[in-house]
Amino acid sequence: MSRNIDKANSVLVRYQEQQASETGGYKDYSRYKRPKSVNSVKTLKECLSWRSQIISEIKSNTTRIYDPSLDEVTTRDLNDTINDGVAELQKWDHQILKKFNHRPAKVHIGGKMILGKRYFGRSVELPEIKEVVEQERNRKLQVDEVIDTKKIPDKKKNKRYYSWDNADVDFEQEWTHKLREYYKDEIEPMEEDSEDADFQVPTLSQMEVWLVERRKQKLLQELQL
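In our numbering, the protein residues as written are 806 to 1030.
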């Protein structure tokens, strides 16, 4: 008798939920199976409800994967479940944006990316993951040995290495003045309100012509011609 009453109540609840859903009222999404195809959902409200359900599952599994009592098999399976949930969440986000032009609030997923896959909680302590992390650490150490960062001059102590020497500044100012004087007839006047450089930088060919001419004049002076 009791089972019949429970069954009747269950049918009544489902009927009431269906009626409420059809009239735009409340719908308990936890009692329904989430659609496998995001394209089958027709309203933004329903998309956001299923999305919230996925987020709740991800958060719950992310909390659980930190449990130190989990064995390796359970940890791997749970980490895969979380990754599947993240992938499903991305599908719903894409559908909501594409179909309804609505961008849902961004959710912080967390985890650590290793070889293109996210690992959460104690999954980073799995033997195969620890091995990959150790290999990557050794690879970086080998790179650091090839490029000895200790031999690179300190920026504060060796300004000349980083072209911060006053001699470089003096050289630039001297030649800027010489080049401006030499090409003053070829440089087009700039607009008064221009905020660009106050002269045009000569091209490589112009520099070559100038150097040849300068050497020629110097040679003529030496020969007193």
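Quick reminder that beta carbons are idealized off the backbone N, C-alpha and C, glycines included.
Rounded straight-line distance, which links the Cα of residue j to that of residue i
i, j, result
"Thr981", "Tyr987", "10 Å"
"Gln900", "Asn844", "7 Å"
"Arg923", "Leu883", "12 Å"
"Gln895", "Glu941", "29 Å"
"Ala1002", "Arg985", "Note on Ala1002: pLDDT 47, under 50, position unreliable in the model; the coordinate value appears next. Each residue's Cα considered, the two are about 12 Å apart."
"Glu862", "Gly890", "8 Å"
"Met995", "Gln1011", "Because Met995 carries a pLDDT of 49, less than 50, the predicted location of this residue cannot be relied on, and the following value inherits that uncertainty. About 20 Å."
"Ser874", "Thr880", "10 Å"
"Gln858", "Ile870", "19 Å"
"Gln947", "Leu1024", "55 Å"
"Leu1016", "Glu977", "16 Å"
"Pro840", "Arg944", "45 Å"
"Arg1020", "Gln1026", "10 Å"
"Trp897", "Tyr837", "17 Å"
"Ala892", "Lys850", "20 Å"
"Glu979", "Glu939", "54 Å"
"Ala813", "Lys935", "Because Ala813 sits at a pLDDT of 47, beneath the cut-off of 50, its placement in the model cannot be relied upon, and the following sentence gives the value as read from the coordinates. For Ala813 and Lys935, the distance between alpha carbons rounds to 54 Å."
"Ser842", "Thr868", "27 Å"
"Val1028", "Asp975", "Reading off the sequence, residue 1028 comes out as Leu, not Val. One C-alpha to the other measures close to 31 Å."
Spatially closest choice to residue i from the options, by CA coordinates
i, options, result
"Ser928", "Ser842, Asp872, Phe905", "Asp872"
"Pro909", "Asn943, Val938, Gln1026, Cys852", "Cys852"
"Val937", "Ile919, Phe925, Leu946, Met1012", "Ile919"
"Lys864", "Val912, Tyr837, Ser842, Lys945", "Val912"
"Ile860", "Lys904, Thr848, Lys847, Ile914", "Ile914"
Sequence-distant residues of its chain with Cβ nearer than 8 Å to residue i (five each side left out)
i, result
"Glu877", "Leu931, Pro932"
"Glu1013", "none"
"Val846", "Pro840, Cys852, Trp855, Gln900"
"Glu1018", "none"
Same chain only: Cβ atoms within 7 Å of residue i, ignoring 5 sequence neighbours per side
i, result
"Asn888", "Lys922, Arg923"
"Thr886", "Asn866"
"Gly916", "Arg923, Tyr924, Phe925"
"Leu902", "Arg908"
6 Å Cβ shell around residue i - same chain, five flanking residues per side excluded
i, result
"Lys983", "none"
"Phe905", "Leu849"
"Arg856", "Trp897"
"Gln1022", "none"
Check: residue i C-beta below 8 Å from any heavy atom of the ligand ZN
i, result
"Ile859", "The ligand ZN is not part of this structure, which contains no ligands at all."
- Segments assigned beta strand (DSSP E), at least 3 residues, entirely inside the stretch 873 to 936: For the stretch 873 to 936, whole beta strand (DSSP E) runs of length 3 or above, ordered along the chain, are 917 to 919, 922 to 924.
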